[in-house]
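Here's the structure, in structure tokens; my notes come after.
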């Protein structure tokens, strides 16, 4: 893109020498995110089993313990006291006897309905898909299985009666389980990927499951449905009114042609989910290319806002990312809410409140030259004025840049990473991600998180999220106000460095 560029700040490459020396060994590579979780090494994809238990947030994740490509799928494991500082633990559920451990969920069995808990204490139960690869003329098999832990997730025992749910299907996966107060039982939401359906099951004890209902096809059906989940949210400003969100991953068939996330707003009576909107309508969770299989945490404290975390990648190029010795990372944890809009009830997202503890001083950008890091937050309020397009060039230098901007003609906010640096590893990587955004008061509000190799945009009040990976060269460190087709109106912007969570 061409246009008027006003330089307003110069960022040093990656970190200042003092800050870089404080980062733990193994976590300071060129593209290593500093406040997003990534495994120390090897491949990761979907987050699994997100749960809060006895003062710890647990992040399990699809993991290959033996390399940086997909394979030998197991559950990696990390814990955090605050959703930001993660400590990676040994593999929780390894591939065993030729059965890979695919995506699933973890619940806290407070009343020992499973019979697995000891010492009159609650225990953790993981519900996961066991994937047996094809062999000879035998097709692949996917079944639902359980394992349990009585030591806060440090060691796990697989249930000897596995599988607990077997339909003899090749594609039947990704169970998300929660306790339903309405029906007084456990409810499992699991995907029938090629049918574009989600099936609900009920159980009194996590062992015996009975079919309850199905949902779908609906919304986007251009690829397999994966990683479903169902959760309740209050509608802001509507008293005690709530809605249920049924969220489904889609691959391919997302907005960018690859992986994508959609959600449905409706009601759940303990047995069946009913969509509030026409089956033909698609609501996108994220408009970027790099937010997939996002899940919410189970068992959060009652006062804590619901929090969602996703895999920051796209299957179109996931195996080709130019990172080493790890490949794959997670999005920022996001707090979720529902609001009534002119188009109906919609989901809003913002970074989890815990991010505030990592932020440095908020510095107003007024044209002075500063030296900062590559891990920061930019907040801006902008009036497009006479400009046809207005926004920011980030991580810019010598023809390399990523644009976060707004187009007046189409009423859309966008991220353009076509000139962001390394894009040659996949024809599907250079792209523009775009989302509709109304400016009712004429002001563009942006909250942008940048973390070495990623850009996450929360536009408006959080009604739009765009997540995209970028791979700029080490010297790309400038931020510029950018316009095309005229001059911007009033602009207010602040910058805050975000400290590394990998500090020694």
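In this note's numbering, the protein residues as written are 18 to 521. No residue lacks a Cβ here, since even glycine has one placed at the ideal position from N, Cα and C.
Assigned with DSSP and collapsed to three states, residue 161 falls in strand.
The stretch 104-121 makes contact with the stretch 48-66; the number of CB pairs closer than 8 Å reaches 3 or more.
Boundaries cannot be given for residue 151, as no beta strand (DSSP E) includes it and DSSP labels it neither H nor E. Cβ neighbours of residue 99 within its own chain (closer than 6 Å, five residues either side excluded): 371. In the DSSP assignment, residue 92 falls within the beta strand (DSSP E) that extends over 91-97. If the five residues before and after residue 231 are omitted, its C-beta is found closer than 6 Å to the C-beta atoms of 214 and 216, all from its own chain and listed in chain order. Separation of residue 211 and residue 243 (C-alpha to C-alpha, rounded to the nearest whole angstrom) is 9 Å. Contact check for residue 51 and residue 392: beta-carbon distance about 4 Å, within the 8 Å limit, so the pair qualifies. When secondary structure is reduced to three states using DSSP, residue 374 falls in the helix class. Bounds of the beta strand (DSSP E) holding residue 120 are 117-126. By the C-beta criterion, the stretch 435-452 is judged not to be in contact with the stretch 277-294, since fewer than 3 inter-stretch pairs fall below 8 Å. Excluding five sequence positions before and after residue 176, the CB atoms of its chain that fall closer than 6 Å to its own CB belong to 163, given in chain order.
One thing to note: residue 484 has its Cβ within 7 Å of the Cβ of residue 305.
A direct Cα-to-Cα measurement between residue 66 and residue 400 gives close to 42 Å. The three-state reading of DSSP puts residue 129 in coil, since its state is none of H, G, I, E or B. In this structure, DSSP gives residue 264 an extended state, which the three-state scheme calls strand. Every beta strand (DSSP E) of 3 residues or more that sits fully in the stretch 45-83 is shown, in chain order, as 59-70 and 73-81. The shortest CA-to-CA distance from residue 149 to any of 190, 427, 358 and 278 is the one to 190.
Straight across, the Cα-Cα distance linking residue 172 with residue 109 is about 7 Å. The Cβ atoms of residue 345 and residue 62 lie closer than 7 Å to each other. The beta carbon of residue 489 sits closer than 7 Å to those of 412, 417, 437 and 438, all from its chain and outside the five residues before and after it, given in chain order. Note that the stretch 179-199 touches the stretch 134-150; at least 3 beta-carbon pairs, one per stretch, sit closer than 8 Å. Apart from sequence neighbours up to five positions away, the residues of its chain that approach residue 424 with a beta-carbon distance below 6 Å are 406, ordered along the chain. In this structure the stretch 295-310 touches the stretch 466-482; the number of beta carbon pairs closer than 8 Å is three or more. Burial check for residue 373: the Cβ neighbour count within 10 Å stays below 16, so the residue is exposed. Around the CB of residue 128, fewer than 16 other CB atoms lie within 10 Å, so the residue is classed as exposed.
Taking each of 397, 288 and 351 in turn and checking the Cα distance to residue 477, the smallest one comes out for 397. Under the DSSP definition of a beta bridge, residue 394 partners with 466 and 513. Where residue 336 is concerned, there is no enclosing beta strand (DSSP E), because DSSP gives it neither an H nor an E. Rounded to the nearest whole angstrom, the CA to CA distance from residue 470 to residue 77 is 22 Å.
By the 16-neighbour rule on beta-carbons within 10 angstroms, residue 268 is buried.
Here the alpha carbons of residue 324 and residue 394 stand approximately 19 Å from one another. Considered as a whole, the stretch 407-434 harbours 417-424 and 429-433 as its complete beta strand (DSSP E) runs of no fewer than 3 residues, in chain order. The secondary-structure analysis by DSSP pairs residue 379 with nothing; it has no beta-bridge partner. Taken atom to atom, the span from the alpha-carbon of residue 90 to that of residue 117 is near 5 Å. 291 is the residue among 291, 252 and 254 whose C-alpha sits nearest the C-alpha of residue 263.
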